[in-house]
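Undergrad: Here it is: the structure, laid out below.
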Amino acid sequence: MMKIMNAKKYILGIVAALMLVGCYEDFDIPAVDPTVTLTPTHTIAEFKAMFNERGGAFDITDDIVIAGKVTTSDETGNFYKNMYIQDETAGIELRIGKSGLYNDYKLGQTIYVKANGLRMGSYGGMVNLGGTIPENYDYETSYIEPQAVIDLVIKKGEKGERVQPLDLSDGKIPVSSYGLWVRFENAVFEGCTFYDRDATMGGGDIAIDTWANKDYEGESSVGKYGNAIFDVNGTKINVRSSGYSKFAGEKTPAKGTVCNIEGIMVYYAGGKPAFQISINSLDDIEIVK
1 MMKIMNAKKY
11 ILGIVAALML
21 VGCYEDFDIP
31 AVDPTVTLTP
41 THTIAEFKAM
51 FNERGGAFDI
61 TDDIVIAGKV
71 TTSDETGNFY
81 KNMYIQDETA
91 GIELRIGKSG
101 LYNDYKLGQT
111 IYVKANGLRM
121 GSYGGMVNLG
131 GTIPENYDYE
141 TSYIEPQAVI
151 DLVIKKGEKG
161 ERVQPLDLSD
171 GKIPVSSYGL
181 WVRFENAVFE
191 GCTFYDRDAT
201 MGGGDIAIDT
211 WANKDYEGES
221 SVGKYGNAIF
231 DVNGTKINVR
241 SSGYSKFAGE
251 KTPAKGTVCN
261 IEGIMVYYAG
271 GKPAFQISIN
281 SLDDIEIVK
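Per our numbering, the very first residue in the sequence shown carries number 1; after that it's consecutive.
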């Protein structure tokens, strides 16, 4: 009987040891982020062209798939609930109802978007892709949400090298560059302002020496955005930075400083039309002299 009991204890000991090893293995092996490969039905340029072909904003009911590499990161807070992707033909903004997107979608990673059930619209003249909208909604698209919908329509592809910027250092900015990651060399800094919409300091454009006005006390969030103006061969480029970004309170360079800049090319066609560039971080601005 003693031998049988000892044998049982021995077997139970082995089982427990194997279970413990299994637990350690579960912790030691990192989870693999699943990736997919889909076949796009449209290039991004073809997809964006549908906005004008349909006469403006519309709900997508066709089985359309687009693909592009991620060009933006919200890690510093300068982008919020959105990201840009681009292929060889064009770039487009995706409006996604969550923050911390940089944790899920890496710079240079290929992303596939299954557009059926989403909505194409525009803001300030820039075409974007988002969710459908309820009645009396203020914007042409809503955010893609909740997470279950995000996971259904946005698929992660392979990680890869970051997109090389389109060089626009000659100051000529074609419409086809809107939404692309671009580069301006030898851009001359002219100063930074914020728009005091609520007239907390007299109204209009107010000069500041930081990238944004994070302490703006007006009700309008517009006042928290900084507009750093650079001259590129006679063309004015506005580096637009959020007051919620981590670098909002950092000092801008001195007037006349020459910089190389990379970011997303935007044309704002609203009340104060302007060429704008949105950066991921201050690492995208290199001081030359």
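Ideal placement from N, C-alpha and C gives every residue a C-beta, glycine not left out.
Within its chain, find whatever has a CB closer than 6 angstroms to the CB of E75; leave out the 5 residues flanking it on each side and keep chain order.
TA: Within the same chain, E75 has close Cβ partners Y102.
Undergrad: From V232 to S169, what distance separates their C-alpha atoms?
TA: Approximately 7 angstroms between the Cα atoms of the pair.
Undergrad: Run the CB neighbour count on E250, radius 10 Å, all protein chains shown included, and call it buried at 16 or more, exposed below.
TA: Exposed.
Undergrad: When the Cα of Y139 is compared with those of Y123, F51 and T39, which residue comes out closest?
TA: Y139 has its Cα closest to that of Y123, out of Y123, F51 and T39.
Undergrad: Check this for me: beta carbons of Q86 and L180, under 9 angstroms apart or not?
TA: In this structure, L180 lies closer than 9 angstroms to Q86 by Cβ.
Undergrad: Where does Q295 land, buried or exposed, given buried means 16+ other C-beta within 10 angstroms?
TA: The chain is shown only over 1 to 289; residue 295 falls outside these bounds and no answer can be derived.
Undergrad: If you pair each beta-carbon of the stretch 204-223 with each one of the stretch 172-188, do three or more pairs fall below 8 angstroms?
TA: The stretch 204-223 vs the stretch 172-188: no contact.
Undergrad: Give me, in chain order, the residues of the same chain whose beta-carbon lies closer than 8 angstroms to that of T235; leave out the 5 immediate sequence neighbours on both sides.
TA: Excluding positions up to five away in sequence, the list reads G171, K172, I173 and F275.
Undergrad: Taking the CB atoms as reference points, tell me whether I293 and E145 lie closer together than 9 angstroms.
TA: Past the edges of the chain, shown from 1 to 289, lies residue 293, and the structure says nothing about it.
Undergrad: If you compare alpha carbons, which of P273, D283 and Y268 is closest to V127?
TA: It is Y268 whose Cα lies nearest to the Cα of V127.
Undergrad: If contact is defined by three or more beta carbon pairs under 8 angstroms, each pair taking one atom from either stretch, is the stretch 60-75 in contact with the stretch 108-120?
TA: Yes, the stretch 108-120 touches the stretch 60-75.
Undergrad: Measure the alpha-carbon distance for F189 versus N213 and round it to whole angstroms.
TA: For F189 and N213, the distance between alpha carbons rounds to 18 angstroms.
Undergrad: Give the straight-line distance between the Cα atoms of I44 and Y80, rounded to the nearest whole angstrom.
TA: Going from the Cα of I44 to the Cα of Y80 covers about 22 angstroms.
Undergrad: Could you name the residues of the same chain whose beta carbon sits closer than 8 angstroms to that of G203, not counting the 5 residues immediately before and after it, in chain order?
TA: Taken in chain order, the residues that qualify are D196 and R197.
Undergrad: Are there 16 or more other CB atoms within 10 angstroms of the CB of R54, so buried, or fewer, so exposed?
TA: Its Cβ having fewer than 16 others within 10 Å, R54 is exposed.
Undergrad: Would you decide whether K272 is buried or exposed? Buried here means 16 or more other CB atoms lie within 10 Å of its CB.
TA: That one is exposed.
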